[in-house]
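For what it's worth, my numbering labels the leading residue of the sequence shown as 17, then goes sequentially.
Glycine included, every Cβ here is placed at the ideal spot set by N, Cα and C.
Working notes, structure below.
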Amino acid sequence: METRARYALIGLFILAVAGAGFGFVYWLENKGGFGERETYRIQFQSAVPGLYVGSAVLFNGIRVGDVTSVGLNPAEPQQVLATISVMKDTPIRDDTVVNVEQQGLTGGVAVTLTGGTSKEPLTTDTGIATLVAPPSVGRDWTQSARDAFQQVEDILNQNAVPLNEAIENIEVFTDALARNADKVDGILAGIQRMTGGGKESAILYSLKPAGDLPPAPETQPGWKLIIPEPSTLLAFNTDKIMTRPAPDESLPLDGPRWSDSLPILVQAKLVETFENAGYANSVSRTIGDFPNADTLSIDIRRFDVVTEGDPVAKIVILAKLQGPDGSIVASKKFEADAPAKGKEPRDYIAALMDAFAAVSRNILEWTTQTLAAVPAPDEAAGAEAPGPDAGAPPADLDELDNLDDLPMPPEPDQGTQ
């Protein structure tokens with residue numbers, strides 16, 4: 017009985033193995049990718065390095081089959097015929113494009129199929145449908161490079177004579193440049209000066225606000241002041257630092273420049289001088305800050321260095337103080353000289369800075385004193401109407417040395433009382 021039971025177990029095991037084998041085959045046929053397939057032939061017009069049996073076939077990037085055979089066309093030895101086996105539902109049409117794609121740096125190639133727009137299936141008259149690859153398919157990049165170099169070589173061979181002549185002309189031209197290097201440098205330097213080149217490497221200088229200022233006011237004044245951009249001649253409306261080698265000559269310094277145009281620098285540093293003196297809330301550069309303010313108009317008459325003999329910086333500025341209605345309250349010409357300590361550009365610039373500091377300090381004192389002497393609008397409205405000249409301040413406060421000499425206002429007419 018035990019022997020029969022052992023034989024029965026062996027028989028059941030064999031039947032189980034056979035069933036598992038049949039099940040595996042069924043799975044491969046239906047789920048494992050070995051279902052019903054279709055075969056196509058691909059005709060390559062040139063060699064296809066790296067293509068072998070078992071290479072993948074991709075349709076729009078998805079693997080749909082494999083290469084089953086690779087061989088030569090006996091009738092056309094330059095052609096390669098490959099047979100592919102793909103899944104039955106692969107939409108291969110008559111406009112499907114064939115290509116090959118390198119798989120990694122050292123691997124083989126895969127056949128790539130790209131779907132088109134046609135709805136018609138690929139037909140054949142010989143029993144197996146054939147796809148014809150473009151002539152460029154199968155050529156690797158090394159072959160393309162060799163062909164490109166061959167074309168370049170052909171072009172060079174065809175134009176050998178003109179190239180030799182061009183090289184000879186270049187040699188003649190370079191020899192001429194070498195012989196005239198100094199002249200070429202002079203021409204280039206002249207062009208650079210004419211076009212304003214070299215500004216990027218020039219040293220930029222700025223003016224300084226006045227120092228040694230009077231004490232700041234304990235209370236803010238009742239006036240508001242606008243300092244617009246000064247006016248000047250064209251020679252000074254620039255960032256160039258001007259010199260005067262002769263009375264009727266002007267020459268800019270070669271190299272250093274102002275950090276901005278001179279009128280803008282003068283305006284900025286005058287405003288800064290007033291701010292440093294304690295009038296930051298009473299002065300501005302734009303009329304929008306103080307609509308009904310007084311105006312300090314500046315006209316730059318001279319701003320240069322006399323280089324004849326001992327160099328001296330000379331600045332002449334005409335200042336006009338105007339009321340809110342545009343009438344001129346007072347005007348004065350300010351002049352300042354400052355000797356230069358040497359004849360270098362930086363000595364000239366330092367002298368101009370010293371002269372401007374003196375002028376800006378004098379303008380500050382004159383302006384604040386003049387505005388302080390002008391009566392406030394409410395005080396002027398409550399006072400009796402003065403004569404035509406009695407209410408206006410003198411053109412220059414320096415004229416107030418002797419108050420006894422000032423004319424007295426006329427007595428009112430008895431008939432008008």
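Of the residues the options, which one's Cα is nearest the Cα of residue i?
i, options, result
"P272", "T259, P340, I207 and V282", "T259"
"Q94", "N297, F60, L387 and M103", "F60"
"P307", "I242, Q167 and A32", "I242"
"E136", "P90, I108, L223 and P151", "I108"
"A63", "A98, A218, L368 and I207", "A98"
"G66", "V96, E92 and N89", "V96"
"G81", "L88, W382, V69 and S222", "V69"
"V153", "V102, L129 and V168", "L129"
"I323", "A34, E52, L368 and G202", "According to the sequence as given, residue 323 is Thr; it is not Ile. Closest by alpha carbon: L368."
"D105", "L249, D264 and L138", "L138"
"I331", "I344, R317 and G325", "R317"
"V83", "N89, V73 and P90", "V73"
"I219", "V113, A374, D276 and V102", "D276"
"G325", "N173, S247, E381 and K357", "K357"
"L380", "L28, N180 and P231", "P231"
"I100", "A293, S71 and L28", "S71"
"L249", "D201, P225, P233 and I333", "I333"
"P233", "E92, E52 and E291", "E291"
"S300", "K240, S247, A36 and A346", "K240"
"A489", "T254, S247, N253 and P225", "Because the chain is modelled from 17 through 433, residue 489 falls outside the range shown and cannot be assessed."
"D10", "L223, Q236 and V177", "This structure cannot settle anything about residue 10, because the visible part of the chain is limited to 17 through 433."
Out of curiosity, what's the CA-to-CA distance linking residue i and residue j?
i, j, result
"E117", "A126", "5 Å"
"Y295", "G342", "22 Å"
"A335", "D315", "6 Å"
"P261", "K348", "28 Å"
"I144", "E54", "9 Å"
"R362", "D270", "12 Å"
"D170", "S85", "39 Å"
"P150", "N115", "8 Å"
"R377", "L229", "7 Å"
"G238", "P391", "10 Å"
"T312", "P244", "According to the sequence shown, residue 312 is Leu rather than Thr. Roughly 7 Å between the two C-alpha positions."
"Y23", "V33", "16 Å"
"Y221", "W274", "5 Å"
"G227", "E265", "32 Å"
"F75", "G124", "17 Å"
"A197", "E187", "15 Å"
"V168", "L179", "13 Å"
"G89", "L31", "Reading off the sequence shown, one finds Asn at residue 89, where the question assumed Gly. Taking the straight line joining both Cα atoms gives about 49 Å."
"D201", "A373", "41 Å"
"A91", "R162", "28 Å"
"I26", "E52", "36 Å"
"N185", "N175", "16 Å"
So, is residue i buried or exposed, given that buried needs 16 or more other C-beta atoms within 10 angstroms?
i, result
"P355", "exposed"
"K359", "exposed"
"A164", "exposed"
"A396", "In this prediction, A396 has a pLDDT of 47, which is less than 50 and means its spatial position is unreliable; what the coordinates show is noted afterwards. Burial call: exposed."
"Q166", "exposed"
"T289", "buried"
"D370", "buried"
"T302", "exposed"
"Q283", "buried"
"I183", "exposed"
"V102", "buried"
"S134", "exposed"
"K199", "exposed"
"I207", "exposed"
"L193", "exposed"
"F189", "exposed"
"V113", "exposed"
"P263", "exposed"
"E400", "Its pLDDT being 45, under 50, E400 is placed unreliably by the model, and the measurement read from it follows with that caveat. So E400 ends up on the exposed side."
"T386", "buried"
"F252", "buried"
"A205", "exposed"
"A346", "buried"
Since I believe residue j is in contact with residue i (beta carbons under 8 Å), could you give me their beta-carbon distance rounded to a whole number of angstroms?
i, j, result
"P340", "A388", "P340 to A388, Cβ: 16 Å. No contact."
"F319", "L278", "6 Å"
"T146", "R57", "4 Å"
"D353", "V328", "6 Å"
"T383", "L337", "6 Å"
"I280", "I365", "Going by Cβ atoms, the distance from I280 to I365 rounds to 17 Å, so no, they are not a contact pair."
"D111", "G132", "3 Å"
"F350", "V321", "Incorrect: roughly 18 Å between the Cβ atoms, too far for contact."
Quick check: is any heavy atom of the ligand ADP less than 8 Å from the C-beta of residue i?
i, result
"A176", "Of ligands this structure carries none, so the ligand ADP is not represented either."
| query | Which parts of the stretch 286 to 366 are runs of the beta strand (DSSP E), unbroken and 3 residues or longer, counting only runs that do not cross its ends? | reply | Counting only runs of 3 or more, we get 310 to 322, 328 to 338 and 344 to 355.
| query | Enumerated in chain order, which unbroken segments of the alpha helix (DSSP H) with a length of 4 residues or greater are wholly contained in the stretch 219 to 244? | reply | Qualifying alpha helix (DSSP H) stretches: none in this window.
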